[in-house]
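Here the structure comes first, spelled out in structure tokens, and everything after it is commentary.
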Amino acid sequence: MLTRLREIVEKVASAPRLNEALNILVTDICLAMDTEVCSVYLADHDRRCYYLMATRGLKKPRGRTVTLAFDEGIVGLVGRLAEPINLADAQKHPSFKYIPSVKEERFRAFLGVPCQYTKQLAIIQRRQLLGVLVVQQRELRQYDESEESFLVTLATQMAAILSQSQLTALFGQYRQTRIRALPAAPGVAIAEGWQDATLPLMEQVYQASTLDPALERERLTGALEEAANEFRRYSKRFAAGAQKETAAIFDLYSHLLSDTRLRRELFAEVDKGSVAEWAVKTVIEKFARCEQFAALSDNYLKERAGDLRALGQRLLFHLDDANQGPNAWPERFILVADELSATTLAELPQDRLVGVVVRDGAANSHAAIMVRALGIPTVMGADIQPSVLHRRTLIVDGYRGELLVDPEPVLLQEYQRLISEEIELSRLAEDDVNLPAQLKSGERIKVMLNAGLSPDPQLCFHLT
42 MLTRLREIVE KVASAPRLNE ALNILVTDIC LAMDTEVCSV YLADHDRRCY YLMATRGLKK
102 PRGRTVTLAF DEGIVGLVGR LAEPINLADA QKHPSFKYIP SVKEERFRAF LGVPCQYTKQ
162 LAIIQRRQLL GVLVVQQREL RQYDESEESF LVTLATQMAA ILSQSQLTAL FGQYRQTRIR
222 ALPAAPGVAI AEGWQDATLP LMEQVYQAST LDPALERERL TGALEEAANE FRRYSKRFAA
282 GAQKETAAIF DLYSHLLSDT RLRRELFAEV DKGSVAEWAV KTVIEKFARC EQFAALSDNY
342 LKERAGDLRA LGQRLLFHLD DANQGPNAWP ERFILVADEL SATTLAELPQ DRLVGVVVRD
402 GAANSHAAIM VRALGIPTVM GADIQPSVLH RRTLIVDGYR GELLVDPEPV LLQEYQRLIS
462 EEIELSRLAE DDVNLPAQLK SGERIKVMLN AGLSPDPQLC FHLT
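This note's numbering puts the first residue of the sequence shown at 42, with every later residue one more than the last.
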């Protein structure tokens, strides 16, 4: 193995470009260790994230940047602990982060080691993390000591070859990114990205039991009452603003929440000894998977299973006392989220929210209906990691279905010009909308628009 290790280091060191060196590295490690996957994640300390720079065995989407925040996934844990992590089944680890685009769900065994450079400063040695080296395999097994030692030694050698200046130059192409998505609401927005880290997610709830079912019943009852009051309040608010379609969304949530069978099963799960959070996750996921929704071919109707999950997330929110404080939103922001519910959208300050980017979502979801009604430029189905986009400059193009991350100044100016033109067109339209509709001859006419099921009442004009 020592001979093989020396050969790999020499080949990598002699590569003319860093990209080529990393591709040689992952290929030769797979061959030397007889493993199915080898990947290199390099650390961008300015952005506090890892980029998947090279891989053999995983899918690296063309034209897309695969990123993990420093605090995300097992890769992030390796970097934080600065020590190897060797797992027989990575998917059972609580830090496992599923990234759909890389197609790693087939692989179970995981070995990750930090790639660190030790820098001598006077009499002090300072370690700098350059990245994480990972191998994976389908077989459920732990890598043995000799394999772990081989990868640790190789990572140490690689850290001495790689320089921070090389990495900084390479990251430039990753920091400016154009991501394709689904256009959910038209318009253009420019602002910093903002992730609301307080929003609970179903996948973050783990099985837990209680010794006091009565207390859990009380907590669940309180969450149900708070959610019901919230839905009624939002329904009245939007109905008063002549947005009946949006108000109807919260009427639907109220209807789902009052379902006798749903409530019965929630309390039955608590009576079995589950904490309220686990009861919510178990029952909501059961209802969302049932044939009533899962077997439907109509995409719009399938989204109603999403309504159930949104309902569950709202119950989780009210079960967590830590989430009840006020949120410090920026003056202008683009919301970036894994999922978006109508309730979450209703909570946001509308005078500050200028755009929305969602990883999971469809154009016929209730959240999409709301953003169109509110006139907020939105893209959905974007292959993003929300935490990586937090506080970064974003452009949302709701016409083309694109998200631009850290755009160059020239591109920013072009989109600013487009926004200015939109504002001017809107002003001209508002000036003319109340004028009588008439021909050049002076004859009055009636103009009506059949808007079908358009969720935006502002699109429908009755001009006389």
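Using N, Cα and C, we set each Cβ at its ideal position, and we do this for glycine too.
Remember, predicted model here, so these are calculated numbers, not experimental data.
Check	Outcome
Segment contact, 8 Å Cβ cut-off, at least three pairs: the stretch 120–132 with the stretch 92–104	no
Straight-line gap, R58 to T106 (C-alpha atoms, nearest Å)	19 Å
Within 9 Å, strictly: CB atoms of L203 and L171	yes
Straight-line Cα distance separating Q479 from G416	29 Å
Start and end residues, alpha helix (DSSP H) containing P135	Unbroken run through P135: none, as it is neither H nor E.
Cβ-Cβ distance between S55 and V175 below 9 Å	no
Segment limits, alpha helix (DSSP H) that includes L480	Neither: L480 is in no alpha helix (DSSP H) and is coded neither H nor E.
8 Å CB neighbourhood of R433 in its chain, flanking five on each side removed	R88, E233, G234, V446 and D447
C-beta atoms of F148 and V78 nearer than 9 Å	yes
Near the ligand NAD: S187 beta-carbon under 8 Å from a heavy atom	In the structure on display, the ligand NAD does not appear, and there are no ligands present to speak of.
Beta-carbon proximity of V398 to L453, cut-off 9 Å	no
As assigned by DSSP and simplified to three states, the class of W319	helix
Residue from C90, D253 and A95 whose Cα sits closest to the Cα of G114	C90
Buried or exposed (CB count within 10 angstroms, at least 16 for buried), H296	exposed
C-alpha distance - L342 paired with H86, whole-angstrom precision	Unreliable placement is indicated for L342, whose pLDDT of 49 sits below 50; no coordinate value is reported for it.
Continuous alpha helix (DSSP H) stretch holding A249: start and end	First-last for A249: undefined, no H or E at that position.
At least 3 beta-carbon pairs within less than 8 Å: the stretch 255–273 vs the stretch 400–411	no
Cβ shell of A123 (< 6 Å), same chain only, five flanking positions each side left out	P155
Buried/exposed call for P390, threshold 16 Cβ in 10 Å	exposed
Ordered list of beta strand (DSSP E) runs contained in the stretch 45–133, each at least 3 residues	78–85, 90–97, 108–110 and 126–128
Start-to-end residues for the beta strand (DSSP E) that takes in R304	Per DSSP, R304 belongs to no beta strand (DSSP E); it is in the alpha helix (DSSP H), T301 to D312.
Own chain, CB closer than 7 Å to T194, minus 5 neighbours either side, in chain order	L46
Residue from A383, Y247 and P227 whose Cα sits closest to the Cα of E463	P227
For Q183, the three-state DSSP class (helix, strand or coil)	coil
V397 - containing beta strand (DSSP E), residue span	L394 to V399
N-terminal and C-terminal residue of the alpha helix (DSSP H) that E388 is part of	A383 to E388
Whole alpha helix (DSSP H) elements within the stretch 429–483, 4-residue minimum	450–473
Option nearest D185 by Cα separation, candidates D75, R121 and G442	D75
Where the beta strand (DSSP E) through M42 begins and ends	Taken as a continuous stretch (DSSP letters only), M42 belongs to no beta strand (DSSP E), as it is neither H nor E.
Inter-residue spacing [alpha-carbon to alpha-carbon] between L261 and Y158	51 Å
Same chain, Cβ closer than 6 Å to G442, five either side skipped, listed in chain order	A222, L223, P224 and V420
Whether V143 touches L93 by CB criterion (9 Å)	yes
Residue from I425, L43 and L352 with nearest C-alpha to Q198	L43
For F148, the three-state DSSP class (helix, strand or coil)	coil
Sequence-distant residues of its chain with Cβ nearer than 6 Å to E380 (five each side left out)	D401
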